[in-house]
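Residue numbers for the sequence shown follow the numbering used here, so the first one is 64 and each next one is one higher. Just so it is clear, CB atoms sit at the ideal spot from N, CA and C, and this is done for glycine as well. Here is the structure we will look at.
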Amino acid sequence: MREAESKIIDGHEYRCTMMSVRSAHRTFLDLCSTLGGPVINAIAEGSDDMEGDATRLITGAISLAVQNLDGPVGDQLIESVFNGVAYTGKSEDKEHPQADGMGFELKAWDDDFERHFGGRLLSMYKVWAWSVEVNYRDFLDGAQALGGDRGAGIGKKVFQS
């Protein structure tokens, strides 16, 4: 298992510890069956800029969410992907300051989660997409190695099965 990874997103530092194999497997199947093609296309396109990957993933997920995600399904995907993600307590964001040193686990929909992401919904999606990248890096790397077009074609076949 890889070590936990940290990243600053929109001025806040987050730490992501990989999910257990079973949780990652179940969440991946949920992602595939719910979001399907737009997500695999976003992943397979890839780029050297991790923020670019996250933005593509978010865009695909949000556009499909409008059509395919009802409340409970969408909520469950947020909860599953945030498993193992924490706010470290370090913030560079002057507009939405958090107390330094007061980190917490990001449990979807609890009071800390609501306060932290209140008025920053796009930031929540960026952290969500980054967690997907951390947990499914081997899949992302494989899709990139195949190249955008070939990776997307394989992804479509997998999702249609």
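With respect to the beta strand (DSSP E) encompassing residue i, which residues constitute its N-terminal and C-terminal limits?
i: Gly-152; result: 148 to 154
i: Glu-66; result: Careful: Glu-66 lies outside any beta strand (DSSP E) and carries neither H nor E.
Could you check if residue i is buried or exposed, using at least 16 other CB atoms within 10 Å of its CB as the buried criterion?
i: Ser-69; result: exposed
i: Trp-172; result: exposed
i: Gly-134; result: exposed
Please determine, among the options, the residue with the shortest C-alpha to C-alpha distance to residue i.
i: Gly-137; options: Glu-66, Cys-95, Gly-181 and Ala-67; result: Cys-95
i: Trp-75; options: Phe-167, Asp-93 and Glu-142; result: For the record, residue 75 in the displayed sequence is His; it is not Trp. Nearest C-alpha to His-75: Phe-167.
i: Glu-142; options: Gly-152, Ser-194 and Arg-178; result: Ser-194
i: Glu-66; options: Leu-169, Met-82 and Arg-183; result: Met-82
i: Ile-71; options: Thr-97, Val-144, Thr-151 and Thr-80; result: Thr-151
i: Glu-196; options: Leu-169, Gly-182, Lys-170 and Val-144; result: Val-144
Determine the direct distance from the alpha carbon of residue j to that of residue i, and round the result to whole angstroms.
i: Asn-146; j: Phe-180; result: 16 angstroms
i: Arg-78; j: Arg-89; result: 21 angstroms
i: Val-190; j: Leu-140; result: 13 angstroms
i: Glu-177; j: Met-187; result: 10 angstroms
i: Met-165; j: Asp-174; result: 14 angstroms
i: Thr-80; j: Thr-97; result: 24 angstroms
i: Glu-155; j: Ala-87; result: 31 angstroms
i: Lys-153; j: Tyr-199; result: 25 angstroms
i: Phe-202; j: Val-148; result: 19 angstroms
i: Leu-185; j: Leu-92; result: 24 angstroms
i: Val-84; j: Asp-73; result: 29 angstroms
i: Lys-170; j: Gly-182; result: 17 angstroms
Report the partner residues of residue i according to the DSSP bridge assignment.
i: Ile-72; result: His-75
So residue i is in the alpha helix (DSSP H); what residue range does that whole segment cover?
i: Asp-173; result: Per DSSP, Asp-173 belongs to no alpha helix (DSSP H) and is neither H nor E.
i: Met-82; result: No alpha helix (DSSP H) holds Met-82; DSSP gives it neither H nor E.
i: Tyr-188; result: 184 to 198
i: Gly-137; result: 134 to 144
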